[in-house]
Amino acid sequence: MPELIRVGMADYKVGKSPATIISYGLGSCIGISLYDPQTKIGGLLHIMLPDSTQARASDNPAKFADTGLPLMLNDVLKLGAAKNRLVAKIAGGAQMFAFSNATDIMRVGVRNAEAAKKALKAHGIKLIAEDTGGTYGRTVQIELDTGVYKVKTIDKGEKEI
Amino acid sequence: MSDEFNLSPAQLDALREIGNIGAGNSATALSQVINKRIDMNVPKVALVPLESVPDLVGGPDVIVVGVFLRVYGKAPGNILFLLPQKSAYYLVDTLMGKHHGDTQKLDFMDESALMEIGNILSGAYLNAFFTFTQISMLPSIPALAMDMAGAILNVVLVQLGQMGDKALVIETQFLSEDDGIDGQFFLVPDPGSLETIMKAVGVE
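Same order as they appear, the protein sequences are chains A and B. Numbered according to the working numbering, the first sequence spans residues 33 to 193. Numbered according to the working numbering, the second sequence spans residues 64 to 267.
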């Protein structure tokens, strides 16, 4: 059984094949995976919020898309991944509760997805797959042996992106 | 108010008392609706790192039904009533006069009934809250989702996440006499509300 590395909310983990990195129960949060297919090194970041500059001070940069991504990127590079080979996949960003007067905070899933893409672009990392939006939770895992990013839901099935 | 707030023992006691009175009122209301005795535990008051909140409900991947209400007023916050899937089905059976085990998924009427329960619990809770603190608050209309606990809790945690890294959680567990219904009621005040509540009850 390959090692299963668990990532909590507002956190990230990196590893190499044959490990799998998993994060459970994402709603409006986004799971951003990075993967270098040659060295089979990768990481998974579970962000809660889009933008650290729009929030009050936080001790945890991994909470935000803009500050979390460079942290994870740095760690996968340290493990031996090459930046020009890295590819990214993202999943999550749901709106769990439907409100007629949806405020910005309710739309945070959409904003998280946009921020994740923006951060990836800023660091020159190619986004090759995404499964975002909807109104349902997701459990996500990146299998570092294959680079397969698995998205599990409770009643929308399971898919690989 | 700073982004990190700390609580003194006197503040914790005051919050526990608010939780006790509020949840006591809610338990009575629920008990009248379903005609069963509802027991509750002593409310837990804790300052929890955001990422640990899903552990309070058994982990982020447990399937739960959540009824969410935003609380408006001088001390705004969020209310979340969480039921494990089995408990939610049992409660629907009870409310709809069905045999236990009949409900296997939630239809529109079932969801509506559960949201009404969220409404009743919140109304009773906030009434007691008002009696104790003289802070008048109103719940929004309820919203419901059945999904992984982590995903459902996101809606509350995201709001707190913009202010800091911890959540003040006042949690009460409700248990029906036949053990069929086992729900968790959470009042999560916004970080700025703590000060208002403490002033109202004379604890600084």
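Built from N, CA and C at the ideal position, the CB exists for glycine as well.
Would you say L105 of chain A faces chain B, with C-beta separation under 9 Å as the test?
Output row for L105 of chain A: interface = no.
What three-state label does DSSP hand R88 of chain A in the structure shown?
Residue state, collapsed to three classes: coil.
Residues in its own chain within less than 8 Å of I215 of chain B by CB, not counting five upstream and five downstream?
V127, G129, F131, L143, L145 and A208, listed in sequence order.
On the DSSP letters alone, give me the boundaries of the beta strand (DSSP E) that L118 of chain A sits inside.
Neither: L118 of chain A is in no beta strand (DSSP E) and is coded neither H nor E.
Under a three-way DSSP split, which group does R38 of chain A fall into?
Strand at R38 of chain A.
In its own chain, which residues sit with a C-beta less than 6 Å from the C-beta of K188 of chain A, not counting the 5 before and 5 after it?
Same-chain partners within the cutoff: Y168.
Quick one: give me the first and last residue of the beta strand (DSSP E) that Y168 of chain A is part of.
No beta strand (DSSP E) contains Y168 of chain A, which DSSP labels as neither H nor E.
If you draw a straight line from the alpha carbon of P254 of chain B to that of G47 of chain A, how long is it in whole angstroms?
Whole-angstrom Cα-Cα distance: 36 Å.
By alpha-carbon positions, which one of B:D242, B:K229 and B:G246 ends up nearest to Q236 of chain B?
Here the closest residue by C-alpha is B:G246.
By DSSP's criteria, Y135 of chain B is part of a beta bridge. Which residues make up the other side?
DSSP output for Y135 of chain B lists B:L201 as bridge partner(s).
Using a beta-carbon distance cut-off of less than 7 Å, what residues from the segment 202–226 of chain B approach chain A?
Of all residues in the segment 202–226 of chain B, A206, A208, D210, M211, A212, G213, A214, I215, N217, V218, L220, V221, Q222, G224, Q225 and M226 have a Cβ within less than 7 Å of some Cβ in chain A.
So what does G140 of chain B bridge to, in DSSP terms?
For G140 of chain B, which the question treats as bridged, DSSP gives the partners B:V134 and B:P252.
Label S65 of chain A either buried or exposed according to how many other C-beta atoms from any shown protein chain fall within 10 Å of its C-beta, with 16 as the threshold for buried.
Per the 10 Å Cβ criterion, buried.
Could you give the distance in angstroms between the alpha-carbon of G122 of chain B and the alpha-carbon of A212 of chain B?
Distance between the alpha carbons of G122 of chain B and A212 of chain B: 7 Å.
Along the chain, where does the beta strand (DSSP E) containing M209 of chain B start, and where does it finish?
Counting along the chain, the beta strand (DSSP E) containing M209 of chain B begins and ends at A206 to M211.
Where does L17 of chain A fall in DSSP's three states?
No statement about residue 17 of chain A is possible, as the shown extent of chain A runs from 33 to 193 and does not include it.
First and last residue of the alpha helix (DSSP H) that includes L70 of chain B?
L70 of chain B -> no alpha helix (DSSP H), and no H or E assigned at all.
Looking at the structure shown, is F193 of chain B part of a helix, part of a strand, or coil, going by DSSP?
F193 of chain B falls in the helix class under three-state DSSP.
Starting from V108 of chain A, trace the alpha helix (DSSP H) in both directions and tell me its first and last residue.
Where V108 of chain A is concerned, the enclosing alpha helix (DSSP H) stretches over A97 to L111.
Residues in its own chain within less than 8 Å of T196 of chain B by CB, not counting five upstream and five downstream?
These residues qualify, in order along the chain: I81, A138, I260, A263 and V264.
Go ahead and pull the three-state DSSP assignment for E240 of chain B.
Of the three classes helix, strand and coil, the one that applies to E240 of chain B here is coil, per DSSP.
Tell me which residues share the same chain as Q74 of chain B and place their Cβ nearer than 7 Å to its Cβ, disregarding the 5 neighbours each side in the sequence.
These residues qualify, in order along the chain: M261 and V266.
Helix, strand or coil: which one does DSSP assign to G47 of chain A?
It is a strand residue.
Kindly indicate if chain B contains any beta-carbon less than 9 Å away from that of I157 of chain A.
Answer no: the Cβ-Cβ gap between I157 of chain A and chain B never drops below 9 Å.
Quick one: is I160 of chain A buried, meaning 16 or more other Cβ sit within 10 Å of its Cβ, or exposed?
Burial call: exposed.
Residues of chain B with a CB under 7 Å from the CB of D91 of chain A: which are they?
D228, listed in chain order.
Using the Cβ count rule (16 or more neighbours within 10 Å means buried), how would you classify L117 of chain A?
The displayed chain sequence assigns Arg, not Leu, to residue 117 of chain A. By the 10 Å Cβ count, R117 of chain A comes out exposed.
Give me the chain A residues within the contact set of F131 of chain B, using Cβ-Cβ distance strictly less than 7 Å, ordered along the chain.
F129, listed in chain order.
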